[in-house]
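Participant:
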Amino acid sequence: MGSGLSFYPTASILSTWADRDWREAEGVQLDTLEHMQRLVVGTYEHAYEIFVRNGTTGDVLVRGGRLFQSFTEAKLTGSSLGGGFLKQYGVYVGLRVEFNVDGETLVTAPIFSISICPLEVTASASC
Numbered sequence: 194m195g196s197g198l199s200f201y202p203t204a205s206i207l208s209t210w211a212d213r214d215w216r217e218a219e220g221v222q223l224d225t226l227e228h229m230q231r232l233v234v235g236t237y238e239h240a241y242e243i244f245v246r247n248g249t250t251g252d253v254l255v256r257g258g259r260l261f262q263s264f265t266e267a268k269l270t271g272s273s274l275g276g277g278f279l280k281q282y283g284v285y286v287g288l289r290v291e292f293n294v295d296g297e298t299l300v301t302a303p304i305f306s307i308s309i310c311p312l313e314v315t316a317s318a319s320c
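In the working numbering, the protein residues as written are 194 to 320.
1. Report the partner residues of residue 235 according to the DSSP bridge assignment.
2. Ignore the nearest five residues each way along the sequence and tell me which others in residue 239's own chain have a CB closer than 6 Å to its CB.
3. Bridge partners of residue 283, per DSSP?
4. Just the C-alpha distance for residue 295 and residue 309, rounded to the nearest angstrom, thanks.
5. Within 8 Å, do at least three Cβ pairs link the segment 224-231 to the segment 257-272?
6. Between 300, 233, 197, 241, which lies nearest to residue 279 when the distance is taken from Cα to Cα?
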């Protein structure tokens, strides 16, 4: 048998995931945001506008992409590589956001940008 090489994203290794300093990561935990603070999240396919209703429970209003044509009540359960480990109630560049709507899990494409809008910026303005 030949000796082949295997490569995996380091973030997919449990010890790397557990040891990561998430405070230094490119992202945000919902519980650090204010009630009704707005995030604009860009993925490789779509943009999503997210209003935080309760950061400690992940309750949000979300609009964008094919999944959410109008504002929809959802639970933002966290971000992941698309399965396996989940950073609960977090939104991080390079990961996929997972939403739960009426018991169904919906997953975005990988995130490439996150804008955290000041509270005084209205929904119709860019942040």
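Virtual Cβ for every residue (Gly too), placed ideally from N, Cα, C.
Facilitator: Taking the geometry as given:
1. DSSP output for residue 235 lists 240, 306 as bridge partner(s).
2. So the qualifying residues of the chain are 257, 258.
3. DSSP, once it has assigned bridges, lists 222 as partnering residue 283.
4. One C-alpha to the other measures close to 26 Å.
5. With the cut-off at 8 Å, the segment 257-272 and the segment 224-231 do not touch.
6. Here the closest residue by C-alpha is 300.
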